[in-house]
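Numbering (the UniProt record's numbering), first residue to last: 1 to 330.
We put the beta carbon where it would ideally sit given N, CA and C, even for glycine.
What follows is one structure encoded as structure tokens, with my remarks underneath.
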């Protein structure tokens with residue numbers, strides 16, 4: 001989290017947020033990269049409280065996210081349920097000392113456990129379940145319509161991270177140019193209800209729990225209107241990246257093709273894959289390189305970048321400059 005925002009989240013704001021949702025005073029912070037995420041309790045039942053600063057999302061954006069999450073929950077997709085506050089609001093706004101706003105929302109805590117990328121559970125059974133849930137999500141979303149008074153969630157090309165020149169070093173001219181070229185190329189792709197819609201956009205292994213049979217997805221903060229093929233690209237992107245952090249392309253390719261075989265078998269049990277998804281995959285793998293490169297520069301100050309982050313930035317930079325995808329899917 002940016003230091004300026006960190007200073008604004010006071011004890012009084014936390015107490016007010018807990019009060020709005022009738023929660024116990026104790027809490028445990030789970031994350032603070034783009035949102036503050038806490039495990040909280042009402043009586044003895046655990047919930048997830050998320051607090052978002054107005055520099056990151058607007059109230060309308062959050063309401064749109066929660067509307068879609070609750071639609072998916074109603075459609076039996078394994079996602080959390082978002083709850084109203086005691087005032088009957090899905091989102092509670094709390095003013096900060098500088099006049100900015102923190103937006104608070106409450107979710108059920110999904111069942112299951114996290115799966116580490118080095119775990120024995122990180123296998124074909126999990127990859128199948130991963131694809132199955134994303135397929136179910138895409139199938140349900142094809143019939144999603146906005147609830148009255150809910151504004152449409154942002155389109156992919158409104159992402160500030162694609163204004164990469166605002167975050168990366170000025171000398172990264174090739175990176176800036178290749179990002180603009182890819183964005184222009186993507187805008188020419190066919191777009192219809194079978195291949196484009198509201199997607200999660202970030203379903204890596206850190207954003208779901210596994211119950212041994214199915215995955216349960218959370219963290220819809222990056223949801224946007226984008227091609228379904230991107231939701232297929234993201235799981236293999238992060239799985240290959242973190243399973244083989246040293247960047248051996250042959251190892252990554254072998255793993256990625258094994259991963260995709262099981263993943264797409266699961267996907268096809270719930271939804272027809274979008275046409276040309278395999279041809280589009282390299283484009284969305286490259287797009288994720290660009291947004292990850294951008295967000296690392298945006299969120300992590302130079303003095304806080306460790307050797308691991310610097311190596312990752314260098315690896316991504318080389319791929320973007322050479323228009324190369326992280327893996328090749330056959």
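Notebook entry, point to check: Is there contact between the region 302-311 and the region 226-236, where contact requires at least three CB pairs shorter than 8 Å?
Noted result: no
Next item on the list: For residue 264, I'd like the list of residues in its chain whose CB is within less than 7 Å of its CB, leaving aside the five on either flank, ordered along the chain.
Entry: 131, 273
Next item on the list: Indicate the three-state DSSP secondary structure (helix, strand or coil) for residue 179 in the structure shown.
Entry: helix
Item checked: Rounded Cβ spacing between residue 153 and residue 223 (contact assumed at less than 8 Å) -> 6 Å
Check: For the 8 Å Cβ check, are there 3 or more pairs between the region 60-70 and the region 133-152?
Finding: yes
Notebook entry, point to check: Which partner residues of residue 82 appear in the DSSP bridge assignment?
Noted result: 107
Check: Around the C-beta of residue 284, are 16 or more other C-beta atoms found within 10 angstroms, so that it is buried, or is it exposed?
Finding: buried
Next item on the list: Ignore the nearest five residues each way along the sequence and tell me which others in residue 84's own chain have a CB closer than 7 Å to its CB.
Entry: 90
Checklist line | Cβ-Cβ distance between residue 42 and residue 55 below 7 Å | finding: no
Check: How long is the line joining the alpha carbons of residue 34 and residue 161, rounded to whole angstroms?
Finding: 13 Å
Item checked: Residue-chain proximity (residue 97, chain C), Cβ-Cβ < 7 Å -> Absent here is chain C; the protein component of the structure consists of one chain.
Margin query: Restricting to Cα atoms, I'd like to know which of 292, 324, 296, 211 is closest to residue 253.
Written below: 324
Checklist line | Counted within 10 angstroms of its Cβ, other Cβ atoms place residue 294 as buried (16 or more) or exposed | finding: buried
Notebook entry, point to check: For the candidate residues 134, 277, 45, whose alpha-carbon lies nearest to that of residue 190?
Noted result: 277
Next item on the list: Return the CA-CA distance between residue 187 and residue 198, expressed in angstroms with no decimal places.
Entry: 16 Å
Checklist line | Best match in 156, 92, 261, 137 for proximity to residue 79 [C-alpha to C-alpha] | finding: 137
Margin query: Measuring straight from C-alpha to C-alpha, what distance separates residue 210 and residue 171?
Written below: 43 Å
Note to self: Counting C-beta neighbours from all protein chains within 10 Å, is the total for residue 7 16 or more, i.e. buried, or is it exposed?
What the structure shows: exposed
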